[in-house]
Amino acid sequence: MSFSHTHCLGVVLAGGLSSRMGQDKAQLLRQKQAMLDFSKQLLIDSGITDVVVSGNSHDIPDVVPQAGPVGGIYSVLSHYSQQDKPKALLILPVDLPLMTATALEKLRLAGELSQKATYFTDSQGDAHNIPLYLPNSALLELFLAKAFTQTGCEESQIKSKKFGPSIKALLKNIPSQSLPVSKRFAQTNILFNSNTPQDWQQAQQCFNQLSM
34 MSFSHTHCLG VVLAGGLSSR MGQDKAQLLR QKQAMLDFSK QLLIDSGITD
84 VVVSGNSHDI PDVVPQAGPV GGIYSVLSHY SQQDKPKALL ILPVDLPLMT
134 ATALEKLRLA GELSQKATYF TDSQGDAHNI PLYLPNSALL ELFLAKAFTQ
184 TGCEESQIKS KKFGPSIKAL LKNIPSQSLP VSKRFAQTNI LFNSNTPQDW
234 QQAQQCFNQL SM
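Heads up: the sequence shown begins at 34 in this note's numbering, then just goes up one per residue.
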């Protein structure tokens, strides 16, 4: 697949184990729609033309097993030849049932304007490192290469559940900025993520109220 120079690829991260939820978070039903389909549609509605799903049994399998979100990013970029790599990624985890397309569009536009990795901060000023607008750059590729190919990773490390740098570590090595969540988005709790059955029950109550 080849992209135009200005292309931003939408990426749904769906490679987690969902161990705390007890079932695949991608298949949880949000008002009769699977969270995976909801997440893909959010990216499309935010202005993204092409969307892929990162994770085993999805569009782009993990190159390095259980390497977290950064491992998913590495897998996506490794999937394309150098000339076909997208200019940027708009990355959305599959467990944000209250996220909106409008918020994602604002994140993307802020990132495109600055050409910096861009993430949200909540009303308390705490960083939420994904969703993330991530320009592809030499610095990004260098970080990923050091993390996954140039450090002579032992097989035991690669198989470890704790293998893989954090998004926070990635952001320290590339130009980045935060985008404060607006009061309107904060009121609808767009950054709420569902990791447990209790979280999911709370999320259901919230989006049922929003749809009334």
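Backbone N, C-alpha and C define an ideal beta-carbon position, used for all residues, glycine too. All of these numbers come straight from a predicted model, not from anything done at the bench.
| query | result |
| --- | --- |
| Proximity to Leu122 [Cα-Cα], best of Leu142, Met132, Thr135 | Leu142 |
| Chain D within 8 angstroms of Val84, Cβ atoms only | The structure shown contains no chain D; it is built from a single protein chain. |
| Where Ile106 falls: helix, strand or coil (DSSP) | helix |
| Touch test, the segment 99-114 against the segment 68-76, Cβ-Cβ under 8 angstroms, three pairs minimum | no |
| Segment contact, 8 angstroms Cβ cut-off, at least three pairs: the segment 142-152 with the segment 97-111 | no |
| Cutoff 6 angstroms; reference Asp232; Cβ partners in own chain excluding five residues on either side | none |
| DSSP three-state assignment for Ile207, whether helix, strand or coil | coil |
| Alpha carbon of Ala236 to alpha carbon of Ala67, nearest angstrom | 14 angstroms |
| DSSP-derived helix/strand/coil call for Lys192 | The predicted position of Lys192 is uncertain, since its pLDDT is 46 and thus under 50; a value taken from the coordinates is nonetheless stated next. Reduced to three states, the DSSP call for Lys192 is helix. |
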